[in-house]
Amino acid sequence: MLLRIARLQLRNDAWAEDAVSETVVAAMEGMAAFRAQSEIRTWVVGILKHKIIDQFRRRSREIQIGAHEQAAEADTLEQLFDEGGHRVSAPLEWGDPESQLVRSEFFAVLQACLDQLPAPLARIFLLREWLELDTPQICKEMKVTSTNCFVMLYRARLRLRECLESNWFAAQGGRPHG
Amino acid sequence: MARLIINCRQAHWLLSRERDAPLRWSERLALRLHLRVCDWCRIVRRNFAFLSQAARRLDR
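In order, the protein sequence lines correspond to chains A and B.
Using numbering that gives the first Met the number 0, you'd call the opening residue of the first sequence number 0 and step up by one each time.
Using numbering that gives the first Met the number 0, you'd call the opening residue of the second sequence number 0 and step up by one each time.
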């Protein structure tokens, strides 16, 4: 599980394994202090998050955003709106997060949707929404302008929204509105 | 964005940006006016909030 998350974030198996093995070593060193399983889990995930951020900082020069990836991106999203900028189809009401977010199948679909995103978009989305770094920090790390940063997050969210909607919520009997 | 009447595309953009940085007051106002008349964008706003909650629980 840890490796899967790290891999998704770093999009590089060797770096992901580095992050996870550093996490395991750090975890072993501190294990004695914990009794409850859940405490250990939270704590190990916490370490992993730090290790991923470390790796990310170390590698940020190697991670560059391809201009071609961004251009291809724009087309997919334009189809959501007509010429006047109106949405062409109704979004689904997704319902109560509490009832959906206990289902492991939901997270399998979310993982698959993240895998389908262009790597830079998946990375920036996870830095923002999973690791909860603030945006100026992310832009600095990724060495992109803040506008570019906002645009990437916007594209990531829209793509994920579409992907979840067609692969999860539509099958769950969500109703289009209006 | 100085205009107060915005379309869905612009509203979607602001709905994403408001999750990353504070909007200017004119943007906040334009978004609020749009959301008042647009059910679809209100749904998308809830979808984005849902997505944030889901992402935070990826490691559970």
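Glycine included, each C-beta is placed from N, C-alpha and C at the ideal position.
So what does residue i bridge to, in DSSP terms?
| i | result |
| --- | --- |
| A/ARG86 | A/PHE80 |
Is the shortest distance between the beta-carbon of residue i and the beta-carbons of chain B less than 8 angstroms?
| i | result |
| --- | --- |
| A/GLU92 | yes |
| A/PRO96 | yes |
| A/ARG6 | no |
| A/THR144 | no |
| A/ALA118 | no |
| A/ALA18 | no |
| A/ALA111 | no |
Check residue i in the structure and name its three-state DSSP category.
| i | result |
| --- | --- |
| B/LEU46 | First, the residue type needs correcting, since residue 46 of chain B is Asn and not Leu in the sequence shown. B/ASN46: helix per DSSP, three-state reduction. |
| A/LYS142 | coil |
| B/MET0 | Confidence at B/MET0 is low in this model, with a pLDDT of 47, below 50, so the placement of that residue is unreliable and no value is reported for it. |
| A/TRP129 | coil |
| B/CYS37 | coil |
| A/ASN11 | coil |
| B/PRO21 | coil |
| B/ARG59 | coil |
| A/GLN19 | Strictly speaking, residue 19 of chain A in this sequence is Val, with Gln absent from that position. DSSP places A/VAL19 in helix when its eight states are reduced to three. |
What does the alpha-carbon distance come out to for the pair residue i and residue j?
| i | j | result |
| --- | --- | --- |
| A/GLU97 | B/LEU50 | 12 angstroms |
| A/PRO119 | B/ALA48 | 21 angstroms |
| B/ASP58 | B/VAL36 | 37 angstroms |
Just checking: is the beta-carbon of residue i within a distance shorter than 8 angstroms of some beta-carbon in chain A?
| i | result |
| --- | --- |
| B/TRP24 | no |
| B/ARG55 | yes |
ask   = Are the segment 39-50 of chain A and the segment 72-92 of chain A touching, with three or more C-beta to C-beta distances below 8 angstroms?
value = no
query = Does the segment 10-25 of chain B come close enough to the segment 89-103 of chain A to have 3 or more Cβ pairs within less than 8 angstroms?
reply = no
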